[in-house]
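Q: Residue numbers (mature numbering (1 follows the signal peptide of the UniProt record, and there is no 0)): -22 to -1, 1 to 121. From the three backbone atoms N, C-alpha and C, an ideal C-beta is built for every residue, glycine too.
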């Protein structure tokens, strides 16, 4: 299931239409539903990719109800698909917040301090994709 979800997320980034119909190799119709098409992050920055030796990291996050992540930032692009729950992300530099719910796609801010809180009754489940320079970490905690 995760492989299918990853394939859909990557396909969505390349599509501009609201819905497309394709065929698999057996001739069976496959419905592709784009989830997002953006050129900027959640805070309005242009999306910039690592300049050398790009490495793609894919992980899942399970955040319990009421949990707040520490203040952190990402030096490279990070994308997240909300599989379940409700997450509030606050840019601590500007005070602006966004709320994301099941089915939302997040293009996280780059290089800006922020934190996230599970504001729902159940766990938040995220599928997270990072694009980093090979061997680099994509989360820096505020000291």
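Measuring alpha carbon to alpha carbon, tell me which residue in 8, 7, 25, 41 is nearest residue 53.
A: Reading the chain shown from its first residue, position 75 is the one you call residue 53. Among 8, 7, 25, 41, the Cα nearest to that of residue 53 belongs to 25.
Q: Here's a check: name, in chain order, each residue in its chain whose Cβ is nearer than 7 Å to the Cβ of residue 117, leaving out the five neighbours to either side.
A: Position 139 of the chain shown, counting from 1, holds the residue named residue 117. Contacts found: 50, 52.
Q: With which residues is residue 119 paired in a DSSP beta bridge?
A: Here the question's residue 119 lines up with position 141 in the chain shown. Paired residues: 50.
Q: Report buried or exposed for residue 99, applying the criterion of at least 16 other Cβ atoms within 10 angstroms of its Cβ.
A: Working through the chain shown from its first residue, we reach residue 99 at position 121. Residue 99 comes out exposed.
Q: Confirm, please, whether the CB-CB distance from residue 60 to residue 92 is below 7 Å.
A: Taking the first residue of the chain shown as 1, we reach residue 92 at position 114. Taking the first residue of the chain shown as 1, we reach residue 60 at position 82. No, these two residues do not count as a Cβ contact at 7 Å.
Q: What is the rounded straight-line gap between the Cα of residue 34 and the Cα of residue 110?
A: Within the chain shown, the letter at position 56 stands for residue 34. Within the chain shown, the letter at position 132 stands for residue 110. Straight-line Cα distance between these residues: approximately 7 Å.
Q: Between residue 14 and residue 47, is the Cβ-Cβ spacing less than 7 Å?
A: As a first step, residue 14 is located in the chain shown; it is residue number 36 there, counting from the start. As a first step, residue 47 is located in the chain shown; it is residue number 69 there, counting from the start. Contact: no.
Q: Out of 31, 8, 21, 5, which has the shortest C-alpha to C-alpha gap to residue 114?
A: Within the chain shown, the letter at position 136 stands for residue 114. Closest by alpha carbon: 31.
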